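Okay, structure first, notes after.
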Amino acid sequence: MEMKRNRQNSIDRYGSPEKAGHDDTFSEIWNRYGKRVSYFISIILPGETGNRDDLFQDIMLKIYEGLPSYDPSRSFEVWAYRIARNRCIDYLRTRHIHEEAHDTIPGRAGDPADECIRSGLDRAIREALDGLAPDDRQIAYLRFFENMRIGDIAASMDMNINTVKTRITAIKRALKSDLEDWL
136 MEMKRNRQNS IDRYGSPEKA GHDDTFSEIW NRYGKRVSYF ISIILPGETG NRDDLFQDIM
196 LKIYEGLPSY DPSRSFEVWA YRIARNRCID YLRTRHIHEE AHDTIPGRAG DPADECIRSG
256 LDRAIREALD GLAPDDRQIA YLRFFENMRI GDIAASMDMN INTVKTRITA IKRALKSDLE
316 DWL
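The numbers in the working numbering rise by one with no breaks, and the one at position 11 of the sequence shown is 146.
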């Protein structure tokens with residue numbers, strides 16, 4: 136908890152206009168949040184592999200350019216995910232994409248039998264997540280992969296906390312049903 140608070144405080148200082156615009160600021164945000172934002176995009180936009188890198192760079196730039204408007208009394212993570220979510224929604228509106236199947240999540244090297252099982256499980260998890268509505272995929276990612284608190288999810292998605300709780304319950308039920316053979 137202390138480490139997370141210190142990490143949050145180091146990001147908070149970038150909310151002030153006099154700090155925004157420094158190269159080390161962009162590097163720190165890129166290093167700290169880049170992989171998480173990239174994975175978030177892959178969850179929201181399954182099958183959109185061609186434009187994902189451009190969208191990722193655009194989102195990271197928007198986060199950086201938006202630093203002067205960031206309120207340090209609020210969670211930087213929630214603020215950044217809201218920017219990422221809104222940019223993905225804008226992208227979907229302009230592209231009218233059709234979702235496609237994904238590659239599996241890369242596994243760790245090891246025993247070929249274990250790798251085969253892991254690959255099948257990864258594929259089953261990806262298909263189960265792809266079967267969720269886009270908002271539900273976002274909620275699932277934030278809750279189960281980022282361990283984000285329900286209140287923060289509600290804030291980043293501009294939803295009521297009870298709505299998020301209800302959707303998490305429904306998501307768990309759907310994933311349990313879809314992954315029944317693996318449990």
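Think of the CB as a built atom: it goes at the ideal place given N, C-alpha and C, for glycine as much as any other residue.
Please read these numbers as outputs of a predicted model, since none were measured by experiment.
Q. Between the C-alpha atoms of Arg272 and Glu200, what's the straight-line distance to the nearest angstrom?
A. On the sequence shown, residue 272 is found 137 positions in, with the first residue counted as 1. On the sequence shown, residue 200 is found 65 positions in, with the first residue counted as 1. For Arg272 and Glu200, the distance between alpha carbons rounds to 27 Å.
Q: Compute the distance between the beta-carbons of Ser291 and Arg187, then report whether it is under 9 Å.
A: As a position in the sequence shown, residue 291 is number 156, starting the count at 1. As a position in the sequence shown, residue 187 is number 52, starting the count at 1. Not in contact: Ser291 and Arg187 (Cβ atoms no closer than 9 Å).
Q) Around the C-beta of Phe280, are 16 or more other C-beta atoms found within 10 angstroms, so that it is buried, or is it exposed? A) The residue labelled residue 280 in the question sits at position 145 within the sequence shown. It counts as exposed.
Q: For the region 150-215, list the alpha helix (DSSP H) runs that are entirely contained and at least 4 residues long, ordered along the chain.
A: 158-179 and 184-200
**Q.** Contacts around Arg222, its chain only, beta-carbon distance under 8 Å, and the 5 residues preceding and following it disregarded
**A.** Counting from one through the sequence shown, the residue named residue 222 turns up at place 87. Counting only Cβ-Cβ distances below 8 Å, and skipping sequence neighbours, we find Leu190, Asp193, Ile194 and Lys197.
Q. Thinking C-beta only, is Asp270 closer than 9 Å to Arg308?
A. As a working note, residue 308 is residue 173 in the sequence shown. As a working note, residue 270 is residue 135 in the sequence shown. Cβ distance not < 9 Å, so Arg308 and Asp270 don't count as in contact.
Q | Distance between Ser162 and Ala263 (C-alpha atoms, nearest Å) | A | Locating residue 263 in the sequence shown gives position 128, counting from the first residue. Locating residue 162 in the sequence shown gives position 27, counting from the first residue. Going by the C-alpha atoms only, they are around 35 Å apart.
(Q) Leu310 and Ala275 - do their beta-carbons sit closer together than 9 Å? (A) Mapped onto the sequence shown, residue 275 falls at position 140. Mapped onto the sequence shown, residue 310 falls at position 175. Closer than 9 Å, so yes.
Q.
If you reduce the DSSP assignment to three classes, tell me which class Asn295 lands in.
A. What you label residue 295 is simply residue 160 of the sequence shown in a count that begins at 1. Note: Asn295 maps to coil in three-state DSSP.
Q. Under 9 Å between the Cβ atoms of Thr210 and Asp287?
A. Translated into the one-based positions of the sequence shown, residue 210 becomes position 75. Translated into the one-based positions of the sequence shown, residue 287 becomes position 152. The sequence shown places Ser at residue 210, rather than the Thr named in the question. Taking 9 Å as the Cβ cut-off, Ser210 and Asp287 qualify as a contacting pair.
Q.
Which residue marks the beginning of the alpha helix (DSSP H) containing Ala268, and which one marks its end?
A. Against the sequence shown, residue 268 aligns to sequence position 133. Premise fails: Ala268 is in no alpha helix (DSSP H) and is neither H nor E.
Q) What did DSSP end up calling Leu310 once you bin it into helix, strand or coil? A) Walking along the sequence shown from the start, residue 310 turns up at place 175. Looking at Leu310 - three-state DSSP - the assignment turns out to be helix.
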